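Everything on this sheet refers to the single structure shown next.
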Amino acid sequence: MSNKILLVIYLGIVFTFILASLAVGSHQGVKGVSVYSPKTSGKAYSLSEIASHNDTNSCWTVIGVRVYDLTSWISIHPGGDVDILSLCGKNGTEEYKSQHFGQAGPMDYLNSFEIGTLSN
Ligand code: HEM
9 MSNKILLVIY LGIVFTFILA SLAVGSHQGV KGVSVYSPKT SGKAYSLSEI
59 ASHNDTNSCW TVIGVRVYDL TSWISIHPGG DVDILSLCGK NGTEEYKSQH
109 FGQAGPMDYL NSFEIGTLSN
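Using the numbering used here, you'd call the opening residue of the sequence shown number 9 and step up by one each time.
This is how it looks when you write it as structure tokens:
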């Protein structure tokens, strides 16, 4: 085989690897919010502490047994800011479930906002 053909094969392999690694690293969703990246601290928060994070400056909510910091999500939620603001500072399980129960997309985003669990 000539050197030129070997070079073309080599470049083809390198190019394929570059494209594949770009694809793997690009789990970016709405406006660059990265999904599939739970950043839970494992910390437990009481409902009274969560209640103090109840506006656009800091918006925490409880869904199930987990606590989420939705502050950065308020302005980019595809369903609008009002629906997220209505969850700030309280247990938002029922409202979340009534809209997004069983949907993988919203759950992926939710995971990326997790900060801990609800204490007893
Ligand atoms: C609490 C965390 C929430 C997250 C992470 C979230 C996430 C999302 C995502 C990813 C979408 C786009 C879905 C798609 O196009 O397939 C969406 C759409 C939507 N969400 Fe939420 N959501 C949340 C809470 C809520 C709540 C509490 C409500 C209402 C009670 C709501 C109402 C909607 C509506 C109406 C849409 C459809 C918007 C449209 O297609 O025009 N969301 N949400």
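Note that the Cβ used here is the ideal one computed from N, Cα and C, for glycine as well.
On a predicted model such as this, the values are computed, not experimentally measured, just so you know.
query                                                                                                   : result
What number of angstroms, rounded off, separates the C-alpha of H108 from the C-alpha of S94?           : 15 Å
Is the beta carbon of E103 within less than 6 Å of some heavy atom of the ligand HEM?                   : yes
Would you check if the distance between the CB atom of V75 and the CB atom of Y104 is smaller than 7 Å? : no
Measuring CB to CB, does F121 end up less than 7 Å from L78?                                            : yes
Please classify S45: does DSSP put it in a helix, a strand, or coil?                                    : For S45, the pLDDT reaches just 49, beneath the cut-off of 50, and the residue's location in the model is therefore unreliable, although a value from the coordinates is still provided. It is coil, neither helix nor strand.
Just to check, is the beta-carbon of G124 closer than 6 Å to a non-hydrogen atom of the ligand HEM?     : no
Rounding to the nearest angstrom, what Cα-Cα distance links T101 and T64 in this structure?             : 19 Å
Is L118 near the ligand HEM - that is, is its Cβ less than 6 Å away from at least one heavy atom of it? : yes
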